[in-house]
Amino acid sequence: MNKGQKSRIYMILGKNKILLAFLALVVVISFLTPNFLSWQNIINVIRQSSIVGIIAIGSTFVIIGGGFDISVGSLMALSAAMAVGLQSYVHWSLAVVAVIGVGALFGVINGVLTAKIHIPAIIATLGTMTIIRGLVYMYTGGYPLYVDNQEFAFIGNGRIGAIPFPIILLFVLVAICQFFLVKTRFGRYTCAIGGNKEASRLSGIKVDYYIILTFVVGGITAAVSGIVYASRLLSVTPLAGQGYELDAIASAVIGGTSVSGGEGSVVRTLIGALLLTIITNAFNLLGVHLYIQYVFKGIVILSAVGFDTFTKAKSK
Amino acid sequence: MISLKTLLKVEKVSKNFPGVQALKEVDLEIALGEVHALLGENGSGKSTLIKCIAGVYKRDSGRIMFQGKEISFSSPIEAFCNGISVIYQERSLIPKLSVVENVFLGAEFTKFGVLNNKSIVRKYRELCELYGFSLPPDEKVMNLGVAEQKIVEIMKALVRKSQLVIMDEPTAALSENEVEHLFKIIRELKSKNISVLYITHILEEVFQIADRITVLRDGKKIGTLNAKNTTKERVIDMMVGKVLQESATFSHYVKREGKPILAVENLKAFPRVKNISFNLYKGEVLGITGLTGSGKTEVARILFGVEKSEAGSIYIEGKHVMIKSPNDAIRNGIALVPEDRKNDGLVLLLEVYKNITLASLKRFSNKVGVLNSKEEFEGTRFYAKRLGIKFSSEYQKTMFLSGGNQQKVVLAKWLLTKPDILIMDEPTQGIDVKAKGEIYSIVKQLAEKGVSVIFISSDIPEMFRVADRILVFREGFVEGEFTPTSPEYMVLRAAIGGLEETGKFGNKE
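Protein chains in written order, with my numbering: chain A, 16 to 331; chain B, 341 to 849.
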């Protein structure tokens, strides 16, 4: 094998190491737990990934643009609560539209706080996370909300053919958002701004506007996720979605999104989200205690990001 | 007055960089308690020399003796701890720490590992008394002015018992009063037998403060003069390398036909731009030169909407325009190749083609914003060929290109916007000789095609290779206008303030 081929293979391996890790894990787990590769279990794993997976799509945009959004877990809960609650007044489809609007609105607020008021993104969204959680309590009065609507229930429980609707929704959203990221001006500008804000500004890009837009994507995906959640359970507790923002960020960074911005891919974030679910699923099948699962999950996150940052620092 | 004891002796020091010999067997001798000025144009080897002394670079050959012993520091820290400190133009203090914390950083007094603030402050007071400093110890450095920060750096050097303090253009950003104050401190150092190597472009200062003057040119030492027994003219001759024929003091004014494409009138922006007016004509290369702090970069940034001006007007083809953002500038057909290529010019993380199309992405996408990669690649290849950009593939990350190729990527990005006015700020800084030559010929070709270019550089010889007309900025004013046939020393004199009063045609009040 000549040198050029070799370096090309290294490059392809390097770019897809997350995919390789994913495949390796699947092989190992399928040996350990024969049930793992059953159709039913595969479908289960992907469906379980869909709620966090959809949030993680938005997180990917925000992180690539150089930000962070930890308010999305609370926002998912508020969206879920409103999707249920609003159905007392309007048709479910209108409730869905309204909820997506609320998600976008909080995206704008997060974006403005970061881009225009210059609060560091993690602190700005820490603030809105707390506010939104408060709103969830106010909206629900602290009690679980219920809804009984078979049409609405389709979003979370329905199937098209043999495939659950949340999975289809997840894959469609991943496809659309990957297209946005790679094939549109918005996606390109997001990468440029996350890579170098000043150079982007000096290239005539309306930096603030596009940063706000990444948060809007984050808000909308959190809202969609909340709708799926509400429809799946047909009920929402005020504690819903706690920690989901962290799983979403973990999915994005395990999928190779650069924590300092500028690089990332929605497809790889999806693989990151699946990886996290598979670990949980496999441990459950193996009967590993939940406490140990937490420790292991943390180690996976640190390894994925650490490998990336360490090799980058070394190559400098 | 100069004591005969030698503190530092540089003997036949040479230093090569790939493609350039930066220092050729340079000698330098600094006496104990002497203020020694080091002069030379950009690229004459001044910075390389001080970096060899201070342990930033390793010399290729020659000897450096300090306090009678041969030294060869492998890092600036080692030099610092051994009595040689450098005060660079860029500040190297920690803004959020207090004066006293900065002064004693890395040299704190401790008792059982705990900071002994009492003795630190006592030592600080002693230092102030001894040298006549009066900075409040608890003030945060970020609240200090530039001059006061320089003083903090000097105090830092004194705490380490520096015998030699090297100052790299210390007055570049100081007001007149601040310069006076700095000189007082330098004289104080001198009286305590501390030597100062003083690097500057400003001749007046040299004659005020220096005992001896060493001039470098093209990496060689031209000579060392006693400041008392020499003249400004003699020093300029040595710097430029041409013998003064006559004391020509007038500017060579070029008459231009037609309406200017860009007219700048009475531009003011505190503190650097005091009153700047000039015209730019279609298809010309207007060179703008001047010292650091003369206002040339600021004017470029104002024209491109990055910085604000307090007063003045900008006209494009006779029409008054307001440029409030880079976006406005681009809409008006202006492009800027910024001074700091890596931080302002490129997204290093992104692929070559993405950088090249970044400023004109609207042209490569449809109404709803979907990109046309095929056209992007075509545009990239077109300019890669035209400018001779070398990359392994369009997908190569920009960070892996050489400096010259990176600069061409920035240039390609702006050419894709089809500018009428192209501003280039120090476009040849940090790139090799061959790439420099290529940039010059690209600029000339552009001008022939009708693009008006403002070529900003502090490298005066470069002006003569590329510009049709040369403006010299000095301290925020236009000091003079020259043609490529004007003698080089005249341009240098205008830049460093050697023009006779009668010859001034600028717009000083």
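Glycine is no exception: its CB is placed at the ideal position from the N, C-alpha and C atoms.
Query	Result
Min CB distance L290 (chain A) to chain B below 8 angstroms	no
D508 (chain B) - partner residues in DSSP beta bridges	B:I539
A787 (chain B) versus K622 (chain B): straight-line alpha-carbon distance, rounded	8 angstroms
Beta-carbon gap between V231 (chain A) and G80 (chain A) smaller than 8 angstroms	no
Exposure of Y693 (chain B), with buried meaning 16 or more beta-carbon neighbours within 10 Å	buried
Chain A within 8 angstroms of G673 (chain B), Cβ atoms only	no
Test item: CB-CB of M91 (chain A) and G256 (chain A) under 8 angstroms	yes
First through last residue of the alpha helix (DSSP H) which encompasses F813 (chain B)	That residue, F813 (chain B), is in no alpha helix (DSSP H); its beta strand (DSSP E) goes R809 to R814.
DSSP state of N164 (chain A) mapped onto helix, strand, coil	coil
A550 (chain B) vs L514 (chain B) beta-carbon contact at 8 angstroms	no
C-alpha gap between K636 (chain B) and D808 (chain B), whole angstroms	18 angstroms
Continuous alpha helix (DSSP H) stretch holding E851 (chain B): start and end	Look at the range of chain B in this structure, 341 to 849, and you will see that residue 851 (chain B) is not part of it.
Counterpart residues of Q361 (chain B) in DSSP-defined beta bridges	B:N356
Residues that N164 (chain A) contacts on chain B, provided the C-beta gap is smaller than 9 angstroms	Result: empty, since nearest Cβ-Cβ is about 35 angstroms, beyond 9 angstroms.
Spatial distance of T738 (chain B) from N745 (chain B) (CA atoms)	9 angstroms
Sub-8 angstroms separation of L368 (chain B) and T570 (chain B) beta-carbons	no
Endpoints, alpha helix (DSSP H) assigned at K694 (chain B)	V692 to T697
Per-residue DSSP class, three states only, for T764 (chain B)	Per the sequence shown, residue 764 (chain B) should be read as Met rather than Thr. Strand.
N- and C-terminal bounds of the alpha helix (DSSP H) containing A834 (chain B)	E828 to I836
Within chain A, the residues that G855 (chain B) reaches when beta carbons sit closer than 7 angstroms	Residue 855 (chain B) cannot be examined here, being either before or after the span of chain B that is shown, 341 to 849.
Short-range partners of chain B found in the segment 76-89 of chain A, where Cβ spacing is below 7 angstroms	none
For G219 (chain A), the nearest candidate out of B:E718, B:E821 and B:K702 (CA to CA)	B:K702
With 16 other Cβ atoms within 10 Å as the buried cut-off, status of S797 (chain B)	buried
V105 (chain A) - DSSP class collapsed to helix/strand/coil	coil
Cα-Cα separation, L289 (chain A) to T324 (chain A)	22 angstroms
8 angstroms Cβ cut-off: residues of chain B touching E213 (chain A)	N683 and D684
Chain-ordered residues of the segment 183-214 of chain A with a beta carbon less than 7 angstroms from chain B	K198, T199, R200, F201, R203, C206, A207, G210, N211, E213 and A214
Per-residue burial, P666 (chain B) [other beta carbons within 10 Å of its own, 16 or more giving buried]	buried
K398 (chain B) in three-state terms, based on DSSP	coil
Minimum Cβ-Cβ distance from R216 (chain A) to chain B less than 8 angstroms	yes
Distance CB(G770 (chain B))-CB(I542 (chain B)) smaller than 8 angstroms	no
Anticipated Cβ contact below 8 angstroms, L504 (chain B) with L389 (chain B), distance rounded	In fact, because the Cβ distance is near 13 angstroms, the residues do not count as touching under 8 angstroms.
Span separating the alpha-carbon of R216 (chain A) from that of E278 (chain A)	18 angstroms
Residue closest to V791 (chain B), alpha-carbon to alpha-carbon, out of B:G685, B:L602, B:M662 and B:M579	B:L602
Listed by chain order, chain A residues near K694 (chain B) by CB distance under 8 angstroms	R203, C206 and A207
Distance between Y471 (chain B) and N517 (chain B) (C-alpha atoms, nearest Å)	18 angstroms
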